[in-house]
Amino acid sequence: MARITLTEGSRQHRALQMGIAAIGALVVLTLPLLTDEVGAIETFTQIACYAVAILGLGLLTGYTGQISIGMSAFVGLGAYTTIILVVDHGWPYLATIPVGIVLCLIAGALVGIPALRIRGLYLVTVTLAVAALFPVLVHRFSDLTGGTDGKFAQDMEVPTWTPVDPYVRAGVPRLHYYIIVLIAALAFLVAWNVVRSRVGRAMLAVRDSELSASANGVPVARVKVFAFALSAAYGGLAGSLLVIQAPVVSETRFDLFLSVFLLVGLIVGGSGTIIGAIPGAIAFVALRTYIADWTEALGLLGARAESGQIVGVISGLLLLLFVFLLPGGLVDGLGTLRRRFLVVIPRPPAGWQQYIPASGAPAIAHDHPVTERPTGSRPPVPPPADAPLVSARVPGTTAPLQRTSHEKG
Amino acid sequence: MTTTVSAASPRPVDVLRADRRRTAMTNIAVVAGLLAAFSIWAIWSGGLSLYLQRVLDGTRNGVLYGMVALALVIVFKATKVINFAQGAMAMFGTFVAATLITSWNLPVALAVLIAMALSAAAGAGIERAVIRPFDPDNHLGIVIVTLSLYMAINATAALVWGNDPRGFPSLFPAGGDNYLALGDIRLYYTTLGSWATIALVVVALHLMLARTRMGLAFRAVANSVENARLIGVDVGRTVQQSWAIAAAVGTLAGCLLAPMTNLDPVFMDKVLVYSFAAATLGGLDSISGSVLGGVIVGLTIALLTGYLPGLGGEFGIALAFFVIIAVLQFRPAGLLGRKSQERV
Chain A
4 MARITLTEGS
14 RQHRALQMGI
24 AAIGALVVLT
34 LPLLTDEVGA
44 IETFTQIACY
54 AVAILGLGLL
64 TGYTGQISIG
74 MSAFVGLGAY
84 TTIILVVDHG
94 WPYLATIPVG
104 IVLCLIAGAL
114 VGIPALRIRG
124 LYLVTVTLAV
134 AALFPVLVHR
144 FSDLTGGTDG
154 KFAQDMEVPT
164 WTPVDPYVRA
174 GVPRLHYYII
184 VLIAALAFLV
194 AWNVVRSRVG
204 RAMLAVRDSE
214 LSASANGVPV
224 ARVKVFAFAL
234 SAAYGGLAGS
244 LLVIQAPVVS
254 ETRFDLFLSV
264 FLLVGLIVGG
274 SGTIIGAIPG
284 AIAFVALRTY
294 IADWTEALGL
304 LGARAESGQI
314 VGVISGLLLL
324 LFVFLLPGGL
334 VDGLGTLRRR
344 FLVVIPRPPA
354 GWQQYIPASG
364 APAIAHDHPV
374 TERPTGSRPP
384 VPPPADAPLV
394 SARVPGTTAP
404 LQRTSHEKG
Chain B
31 MTTTVSAASP
41 RPVDVLRADR
51 RRTAMTNIAV
61 VAGLLAAFSI
71 WAIWSGGLSL
81 YLQRVLDGTR
91 NGVLYGMVAL
101 ALVIVFKATK
111 VINFAQGAMA
121 MFGTFVAATL
131 ITSWNLPVAL
141 AVLIAMALSA
151 AAGAGIERAV
161 IRPFDPDNHL
171 GIVIVTLSLY
181 MAINATAALV
191 WGNDPRGFPS
201 LFPAGGDNYL
211 ALGDIRLYYT
221 TLGSWATIAL
231 VVVALHLMLA
241 RTRMGLAFRA
251 VANSVENARL
261 IGVDVGRTVQ
271 QSWAIAAAVG
281 TLAGCLLAPM
291 TNLDPVFMDK
301 VLVYSFAAAT
311 LGGLDSISGS
321 VLGGVIVGLT
331 IALLTGYLPG
341 LGGEFGIALA
351 FFVIIAVLQF
361 RPAGLLGRKS
371 QERV
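Chains as they are written, first to last, in my numbering: chain A, 4 to 412; chain B, 31 to 374.
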């Protein structure tokens, strides 16, 4: 099969990336203008909200390796913070978001502290208890939270200076969509930068091996608490956005099932990726809204109230299917598919020439540092153009030491 | 088996064993001391008979939490897998028993036994189909598989039997006047029955572990999977048997719990959290520890919510939460568990 080969960072590769980004941005911006149906626009908005929550879970579980099923508590904390401040204290919606984020940062760090000693499946038990505790707390403090009755607020007021016309039926949902998508995009940008930063590398190191991370000077405890706090903040932000989208909360909305569904979204999308949160959120919302509607419309299970439960069965089976067949999620699957047609050759690391041996000497001389080199020695010369980048052969064999990932596809 | 360590030449195994026993005794003494202090205050404020009544009621729930914890421990001991679907599996088995009773008019005890057998078969099948392909150290994989089982089983039960709570007949004579009067306090037959059942289960398990070939294989696997495999134990089959036993024990616990609460698809969810607390408290790899942990958790919930009504009826979950965190934080091996050491 004819494949196209591109070098990472070359002009064509850049153009391709920009083109995809432009198409993506165009789709996101025009999506609510294509339809006048309020329900569809609200669904798009929900996808953006849940994408933020799944992204937060991904930062904790996918990037730092700390499995959590307590995410629903933080989403709930953010949602209740927003609605309580709006209803009881008359705050504007957007001003409540920082408060919710700060509260969730603190709560997340508190939950992260046990994670310093508790690992693996034990930690999951703790987060399960967090998820089970939240509805109980909401019930206990029902004069603040509304308890079983829930809490309602007015829709967010539409500023008059926006180009969106609030007097058509789809106007207000469209405005909600743009505000929420803007905030969600900022959240994705922050996450993208965090995982490429020093602390992001530290998170990956902790995930891959705590022991070697700490041996290499990564402050494991601080990184873990940071990851918990960060992911809780994303959860809280998602909760606030959900309230902006539909200003209703009730105590059953943020239960263990929400956490499990967020985990479904994470796995379906792809756990070790930032962008995977978007297909994950689409799967999440599709499962929770459309499949229930379809089964009801088809009447396969009769007109019983419980026919919506088919969602749970399908989600469970879907999760099993993904774990067995596509553990890397949709993003990984698409990447494998892409490599059949397009191969991107990674860019060599900057300054690689200095590590090429001058004449038969070992590649990197560990036992005498570079600074102590005798002054008369030759400066390293660039290798001939057809020299292999790294000598990727074990002495005495002809097999490549390690296949690079793009060779597999 | 001697517990004293001879001064002349203590063998390392004996030293370790004595050390473990000493730690366990200290742990239990601390917990018992706390409970005793609270009890003195409770008797002083509310009278003896009320206190004893609450203790009896608390232990009745407690042994049942202990029984679910036992199911968790049986699975955990073998391969260090925590089964988050244990509650859902027990709930499903209880529904099967309820169906056998109402639709087929079977006697309660027979229906429970058949449901236990079916659960055991289902547990073995689940282990073979979705658990065995995973490395037990792949925590994310195990969590996802058991959580998806939890979700699928819950939803299937809701689809088949509906969300409305229903009653479940008790295995033992229940009702307002079926009790032994001991002075002022009432010892209900259901309480006695729960005690007898858990005693029977624990004795049967101990006999199975100590006397049978299957139990020997199980102990070998629990000790070390690699070593067991090297000496020719069929590890897969042994783990499968442990899942089958756990599923049967869970269903039994579900059938005993259902008459007290009501039977609906989520009735085991809260119990599962209590059982996690019980299993953690007892030490996740100790069979007697899980029962002890269950009794302590049930007792504490009954006493605290009984004497401090300001805490609210849902306080049990919060208590379970604090128990889980405190135990894992300060004494991860629990009361009777084996300390885990990691070789790096």
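C-beta atoms are modelled at their ideal positions from N, C-alpha and C, and glycine is treated no differently.
Same chain, Cβ closer than 6 Å to residue i, five either side skipped, listed in chain order
i: arginine 376/A; result: The predicted position of arginine 376/A is uncertain, since its pLDDT is 46 and thus under 50; a value taken from the coordinates is nonetheless stated next. Cβ within range, chain order: n/a, list empty.
i: serine 149/B; result: Gly123, Ala277, Ala278, Thr281
i: methionine 74/A; result: Leu60, Gly238, Ser262, Leu265
i: isoleucine 7/A; result: Leu345
Interface residues of chain B facing residue i [CB-CB closer than 7 Å]
i: glycine 123/A; result: His169
i: serine 243/A; result: Chain B residues near serine 243/A: none, gap ~25 Å exceeds 7 Å.
i: alanine 135/A; result: Val303, Ile347
i: histidine 142/A; result: Glu344
i: isoleucine 270/A; result: Ile174
i: valine 139/A; result: Glu344, Ile347, Ala348
Neighbourhood of residue i by C-beta distance below 8 Å, restricted to the same chain and skipping five residues each side
i: leucine 9/A; result: Gln15, His16, Leu19, Leu345, Val346, Val347, Ile348
Any chain A beta carbon closer than 8 Å to residue i
i: threonine 291/B; result: no
i: leucine 179/B; result: yes
i: glutamate 344/B; result: yes
i: asparagine 257/B; result: no
i: leucine 358/B; result: yes
i: isoleucine 354/B; result: yes
i: leucine 156/B; result: The sequence given here places isoleucine at residue 156/B; leucine does not occur at that position. For isoleucine 156/B, the answer is no, since every Cβ of chain A falls outside 8 Å of its Cβ.
i: alanine 182/B; result: yes
i: isoleucine 112/B; result: yes
i: phenylalanine 297/B; result: no
CB contact check: residue i to chain B, cutoff 8 Å
i: leucine 322/A; result: yes
i: isoleucine 72/A; result: yes
i: isoleucine 313/A; result: yes
i: leucine 266/A; result: yes
i: serine 318/A; result: yes
i: alanine 112/A; result: no
i: threonine 67/A; result: no
i: alanine 127/A; result: Residue identity check: residue 127/A is valine in the sequence provided, not alanine. Yes, valine 127/A lies at the interface with chain B (some Cβ there is under 8 Å from its Cβ).
i: valine 346/A; result: no
i: valine 263/A; result: yes
i: alanine 156/A; result: no
i: alanine 43/A; result: no
i: proline 282/A; result: no
Contact set between residue i and chain A, taken where Cβ atoms lie within less than 8 Å
i: isoleucine 261/B; result: Within chain A, no residue comes near isoleucine 261/B; the closest Cβ sits about 27 Å away, beyond 8 Å.
i: phenylalanine 306/B; result: Thr128, Leu131, Ala132
Alpha-carbon spacing of residue i relative to residue j, whole angstroms
i: glycine 283/A; j: leucine 60/A; result: 11 Å
i: alanine 356/B; j: alanine 308/B; result: 12 Å
i: threonine 378/A; j: glutamine 356/A; result: Low confidence applies to threonine 378/A: its pLDDT is 47, below 50, so where it sits in the model is not reliable, and the reading given next is rough at best. Going from the Cα of threonine 378/A to the Cα of glutamine 356/A covers about 19 Å.
i: histidine 142/A; j: leucine 136/A; result: 10 Å
i: leucine 88/A; j: alanine 156/A; result: 10 Å
i: threonine 85/A; j: isoleucine 100/A; result: 7 Å
i: arginine 361/B; j: alanine 350/B; result: 16 Å
i: asparagine 257/B; j: valine 209/A; result: 30 Å
i: leucine 320/A; j: glycine 273/A; result: 17 Å
i: leucine 333/B; j: threonine 255/A; result: 28 Å
i: leucine 29/A; j: isoleucine 277/A; result: 20 Å
i: proline 65/B; j: asparagine 135/B; result: Per the sequence presented here, residue 65/B reads as leucine, with proline not at that position. Approximately 44 Å, taken between the alpha carbons.
Residue i - DSSP class collapsed to helix/strand/coil
i: phenylalanine 257/A; result: coil
i: alanine 156/A; result: coil
i: alanine 211/B; result: strand
i: threonine 339/A; result: helix
i: valine 193/A; result: helix
i: leucine 64/B; result: helix
i: alanine 390/A; result: Low local confidence applies: a pLDDT of 47 at alanine 390/A is under 50, so the model's placement there is unreliable, with the coordinate-based value given in what follows. Coil.
i: isoleucine 285/A; result: helix
i: isoleucine 7/A; result: strand
i: arginine 196/B; result: strand
Close-in-space but distant-in-sequence residues of the same chain around residue i (CB under 7 Å, 5 per side omitted)
i: histidine 371/A; result: With a pLDDT of 47 at histidine 371/A, under the threshold of 50, the modelled position of that residue is not reliable, and the figure given next carries that caveat. So no residue of the chain qualifies.
i: leucine 119/A; result: Ala224, Lys227
Partners in chain B for residue i, counting only beta-carbon separations shorter than 8 Å
i: leucine 328/A; result: Those within 8 Å of leucine 328/A in chain B number zero; the least Cβ separation is about 12 Å.
i: arginine 120/A; result: Leu358, Gln359, Pro362
Interface partners of residue i on chain A, CB under 7 Å
i: valine 160/B; result: Leu323
i: threonine 186/B; result: Val316
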